[in-house]
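In the UniProt record's numbering, the protein residues as written are 1 to 112.
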């Protein structure tokens with residue numbers, strides 16, 4: 001089950017209240033909660049792949065990687081996604097991502 005999100009309001013509520021509302025209520029409130037259409041695990045796969053393809057290295061990527069782990073995506077699956085997506089999103093972007101992914105999926109379960 002999706003968790004009630006307030007990150008948009010917490011970070012941007014005073015500056016861009018409408019954007020914060022849409023982020024929290026529509027994206028995380030309505031879209032992520034449609035588990036009867038697509039599981040949280042599958043949504044995490046799609047989200048991490050889309051962020052990797054953009055070459056993002058910001059806190060949102062780290063958040064979604066942690067969410068993917070919580071939603072049951074394994075280190076092996078992330079490695080396979082990286083390998084598969086490299087041919088569609090571009091190897092240089094995904095090569096950078098691989099180092100971030102490696103740190104997130106340490107065998108000991110710790111992240112650096």
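C-beta atoms are modelled at their ideal positions from N, C-alpha and C, and glycine is treated no differently.
Item	Value
Proximity of residue 51 and residue 81 at Cβ, strictly below 8 Å	no
Extent of the continuous alpha helix (DSSP H) to which residue 4 belongs	Segment: none, residue 4 is in no alpha helix (DSSP H) and carries neither H nor E.
Beta-carbon proximity check, residue 53 vs residue 79, cutoff 8 Å	no
For residue 49, the three-state DSSP class (helix, strand or coil)	helix
Distance, residue 33 Cα to residue 26 Cα	10 Å
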